[in-house]
Each structure stands twice: as C-alpha cells, then as structure tokens.
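K.L.:
When we follow numbering that gives the first Met the number 0, the leftmost residue of the sequence shown carries the number 0, and every step to the right adds one.
Even for Gly, the Cβ is constructed at its ideal location relative to N, Cα and C.
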Amino acid sequence: MTRLRAEPDPAQRYPAAVARLRALIDEPSPAGTLEESIDRLLERVALSTSEGIEVSPDRVNLLTLHSTKGLEFSRVYIVGLEDYQIPGLREAKENRQAEIQEARRLVYVGMTRARERLVLTRVEHRFGMEAGGSSFLEEMGLEAQTVGARELPEDIVHS
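#1: Can you tell me where the beta strand (DSSP E) with Val118 in it begins and where it stops?
#2: Is there a C-beta anywhere in chain B that falls below 7 angstroms from the one on Ile99?
#3: Taking the beta strand (DSSP E) that Phe72 falls in, what are its first and last residues?
#4: In three-state DSSP terms, what is Arg125?
#5: In terms of residues, what are the limits of the alpha helix (DSSP H) holding Glu101?
#6: Could you spell out where the alpha helix (DSSP H) holding Glu137 opens and where it closes?
#7: Comparing alpha-carbon positions, which option in Gly140, Glu123, Met139 lies nearest Gly132?
#8: Please classify Thr67 as buried or exposed, where buried requires at least 16 neighbouring CB atoms within 10 angstroms.
#9: Can you have a look at Asp82 and say buried or exposed, based on whether 16 or more other CB atoms are within 10 angstroms of its CB?
#10: Between Glu34 and Val17, what straight-line distance do the alpha-carbon atoms span, to the nearest angstrom?
#11: In chain order, what residues of the same chain have a beta carbon less than 6 angstroms from the beta carbon of Val75, not counting five sequence neighbours either side?
#12: Mind checking Val59: buried by the 16 CB within 10 Å criterion, or exposed?
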C-alpha cells in the first residue's frame with residue numbers, strides 16, 4: 000500500500016522562488032506583464048479555426064466559438080455566457096466597441112450552428128463571487144430560467 004504525504008506549501012519551502020515568480024507576473028515589459036502575455040496566448044488558442052477538426056454526430060464535440068465557423072450540429076450548448084468568459088470581452092474596456100462587436104458576432108456564429116436545439120447557459124456564482132450574465136443575453140431579450148443541477152428539464156437532459 001502506498002502512503003501519501005502532504006507536501007509543504009511551496010511559498011514556505013521556496014519563498015525566494017515564489018517571490019521572484021510573483022515579481023515576474025507583475026513586472027511590466029514591452030510585451031506587457033506575464034499575466035497579459037498569458038491572456039494573449041489563451042486568446043490565440045481560442046482563435047483557432049475549425050480546420051483539421053474532426054467532428055462526429057455520434058459523439059459530443061467540444062469546440063471553441065471560433066472553431067465552429069462553417070460547422071453545424073443538431074444540438075449546441077454554449078456555456079459560460081458571462082461577459083468576462085466570452086473571448087474578446089475578458090479584458091474589454093470602455094470605448095472598445097470593435098472588440099465588443101467581434102465578441103457579439105462570435106456568440107451569434109456559435110448560436111447559428113444549431114439545427115434543432117440551442118441551449119445557452121451561465122452561472123450565478125463563479126469562483127465564489129456573483130457572476131452577472133452576458134450583456135448579449137439582455138440584448139436578445141431572453142428570459143433567464145433558473146434551475147439547479149438536479150432540476151434540469153427532461154427535454155434538455157435527454158435531448
């Protein structure tokens with residue numbers, strides 16, 4: 000039988016390394032902070048296209064909104080419709096209408112991939128904090144249906 004032991008907290012074991020890492024994260028450079036660089040990398044990954052993606056009607060296909068262009072599915076579930084979760088709106092600030100328009104177009108493209116059923120979801124709380132829905136949901140005039148995980152309508156669970 001293998002015994003597991005708790006590892007000490009890295010911040011306590013390697014305080015100098017953790018302090019340096021924190022400094023790197025906050026240190027501005029011509030490319031921005033490490034956090035900004037990571038955000039750009041994640042954005043680039045999210046911008047990948049559907050080229051080379053194998054989709055099958057016999058399985059669940061998990062795709063980014065960007066990669067759905069040109070594809071169509073009988074059922075589409077778009078999850079995480081909170082402004083800070085939608086690519087382009089994570090860091091959108093005032094007067095960034097071009098980014099907001101692109102994010103709106105992206106959500107629209109994802110929605111139009113559904114032939115029979117479209118389910119849009121958002122959470123009320125994420126990371127222990129209240130999460131507001133996307134402003135796009137309000138613009139569409141959609142009424143929120145609050146359901147718990149065990150209260151999902153049968154036609155969604157078994158669709």
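P.N.:
According to the structure data:
#1: 113-119
#2: Looking for chain B here will not work: only one protein chain is present.
#3: 72-77
#4: strand
#5: 96-110
#6: 134-138
#7: Glu123
#8: buried
#9: buried
#10: 15 angstroms
#11: Arg112, Ala113, Leu117
#12: exposed
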